[in-house]
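>
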Amino acid sequence: MKKLSLKSKILLGALLLGSGGATANAINGKVVFQETTYNWTHFNTDGSPSGLFLLGATISNARTTLGCPGLTNIVCASGERVSGSGPMIATIYYE
């Protein structure tokens, strides 16, 4: 059997390391928790839709982006789940 040249050994090592890393990432990707995302509709303080929409955002992202940090009884935005395992509908409120 013919010996591999140094260049071939380096290329083979890089290939093995690269495929091992890809496998580890694929396995790791299945274990990592995926936050639930929603398609959001924003409302004015009087309850009427503002016309703003935010697609595929988490609850924390929507609070920041739409300006809905509080826990009052005035609805700021409502979201319908598009991914993850959280509630089908999420509601966030004005401060």
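Going by the numbering used here, the residue at position 47 of the sequence shown is 165; the numbering climbs one at a time, nothing skipped.
Backbone N, C-alpha and C define an ideal beta-carbon position, used for all residues, glycine too.
Along the alpha helix (DSSP H) that carries Ser178, what are the first and last residues, could you check?
Unbroken alpha helix (DSSP H) run through Ser178: Ile177 to Leu184.
> Once you ignore the five residues that flank Phe161 on each side, which residues in its own chain have a CB closer than 8 Å to its CB?
The residues are Pro167, Ser168, Val193, Cys194, Ala195 and Ser196.
> With which residues is Thr154 paired in a DSSP beta bridge?
Per DSSP, none; premise fails for Thr154.
> By a C-beta neighbour count over all protein chains shown, 10 Å radius and 16 as the cutoff for buried, is Thr163 buried or exposed?
Its Cβ having fewer than 16 others within 10 Å, Thr163 is exposed.
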